[in-house]
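First the structure, in the form of structure tokens, and then the observations on it.
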Amino acid sequence: MMEGVFLDLPDFGGSVLYVGEECTPVIIFDDFFWSADKLSHMAPAEHEFSAPPKGGYPGIRAALPESYIDEVLRYINPTLRQVYEIPDEVQCCGQYGVYSLVCTPEKNLSVFQCVPHTDTRRQYYFAILHYLSSDDHGGTGFYRHVPTGFERISEDRYSEFMSTAKSHIDKCGLPPIKYLTSGDNHFELIHTVAYKKGRLLVYPGNLLHSGLINNEADINSNPETGRLTANIFIDHK
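This note's numbering puts the first residue of the sequence shown at 1374, with every later residue one more than the last.
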């Protein structure tokens, strides 16, 4: 069952989805003010994309325009601080943004690319995801780790999460080498947000999540036809 409760934010033109048993807020803006068409047309050519150095993302990336990043952060900052109750003394201390395209065939995935992930264990680190292409692509899933019940992997949970996950793998085996688009005996899918052109999501970086990659439509390195997204990551201290 998909778990979640919506709360509209009329003053900001968005809504909040409270995900899972931990009721983690995910902010959703449909038809975001920064045009998806405009941003798509600003994307570099395919040959200017490259694989990220750490190899975690199953595809290629290129830098986003700084003007877009600055305008998005100014727009969402009041909502971000209100929804996540960020204290006044905690301020943004770092940001970066990339265009992203999934292009790794399933047979070439690593084990870590076949399970949900987090971007950080820090409390005030957030991911912003903007869908830029047409609607026939896979969306985003949020997950619960079955053995621990954890949906967010914070610093104080990390050791237990890792040791329990290893014990569970030793008992049940590794997950299959494929894109995770539902759940398995390691991770339970608790909510999905469909890919819709112009939709923008904001969620904590320590919330377990994964792209719901459609093998037929999403494995494509062409910015004009692939599953193009804009991704911004912001930290606060």
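Note that CB positions come from ideal geometry on N, CA and C, so glycine has one too.
Between the CA atoms of residue j and residue i - distance to the nearest angstrom
{"i": "Met1375", "j": "Glu1561", "result": "Here Met1375 scores only 47 on pLDDT, less than 50, and its place in the model should not be relied on; the value that follows carries that caveat. Looking at the two C-alpha atoms, the distance is approximately 10 Å."}
{"i": "Ile1605", "j": "Phe1534", "result": "26 Å"}
{"i": "Pro1451", "j": "Asp1543", "result": "45 Å"}
{"i": "Phe1405", "j": "Val1575", "result": "12 Å"}
{"i": "Lys1569", "j": "Tyr1504", "result": "6 Å"}
{"i": "Val1471", "j": "Gly1429", "result": "14 Å"}
{"i": "Tyr1498", "j": "Gln1455", "result": "15 Å"}
{"i": "Asp1509", "j": "Asp1410", "result": "16 Å"}
{"i": "Ala1436", "j": "Glu1419", "result": "12 Å"}
{"i": "Val1389", "j": "Leu1453", "result": "11 Å"}
{"i": "Ser1423", "j": "Asn1587", "result": "21 Å"}
Residue closest to residue i, alpha-carbon to alpha-carbon, out of the options
{"i": "Ser1413", "options": "Pro1596, Asn1604, Ile1605 and Lys1610", "result": "Pro1596"}
{"i": "Val1484", "options": "Ala1590, Gly1556, Ala1418 and Pro1431", "result": "Pro1431"}
{"i": "Ala1590", "options": "Leu1446, Lys1539, Cys1476 and His1564", "result": "Cys1476"}
{"i": "His1343", "options": "Thr1521, Leu1502, Pro1549 and Ile1459", "result": "Because the chain spans 1374 through 1610 in this model, residue 1343 falls outside it and cannot be assessed."}
{"i": "Leu1502", "options": "His1609, Lys1544, Thr1537 and His1582", "result": "His1582"}
{"i": "Thr1537", "options": "Tyr1504, Glu1479, Phe1523 and Ala1435", "result": "Phe1523"}
{"i": "Trp1407", "options": "Gly1467, Glu1444 and Gly1393", "result": "Glu1444"}
{"i": "Arg1495", "options": "Ile1459, Pro1417, Gly1512 and Ile1449", "result": "Ile1459"}
Beta bridge counterpart(s) of residue i as assigned by DSSP
{"i": "Pro1398", "result": "Tyr1391"}
{"i": "Ile1607", "result": "Gln1468 and Phe1499"}
{"i": "Val1566", "result": "Thr1513"}
{"i": "His1518", "result": "Phe1560"}
Cβ-based neighbour list, residue i, same chain, cut-off 7 Å, excluding 5 preceding and 5 following
{"i": "Leu1547", "result": "Val1484"}
{"i": "Pro1438", "result": "Met1415"}
{"i": "Ile1526", "result": "Thr1491, Arg1494, Phe1534, Asn1579 and Leu1581"}
Contacting residues, own chain, Cβ-Cβ under 8 Å from residue i (five flanking each side not counted)
{"i": "Asn1593", "result": "Leu1474, Val1475, Cys1476, Gly1599 and Arg1600"}
{"i": "Gln1464", "result": "His1609 and Lys1610"}
Helix, strand or coil at residue i [DSSP, three-state]
{"i": "Met1374", "result": "Confidence at Met1374 is low in this model, with a pLDDT of 40, below 50, so its placement is unreliable and the value that follows should be read with caution. Reduced to three states, the DSSP call for Met1374 is coil."}
{"i": "Arg1572", "result": "coil"}
{"i": "Pro1577", "result": "strand"}
{"i": "Ala1538", "result": "helix"}
{"i": "Ile1449", "result": "helix"}
{"i": "Gly1546", "result": "coil"}
{"i": "Val1475", "result": "strand"}
{"i": "Tyr1630", "result": "Beyond the ends of the chain as shown, which are 1374 and 1610, falls residue 1630; an answer cannot be given."}
{"i": "Tyr1531", "result": "helix"}
Contact test: residue i Cβ vs the ligand GDP heavy atom, cutoff 6 Å
{"i": "Ala1603", "result": "The ligand GDP is not among the ligands present in this structure, which contains no ligands whatsoever."}
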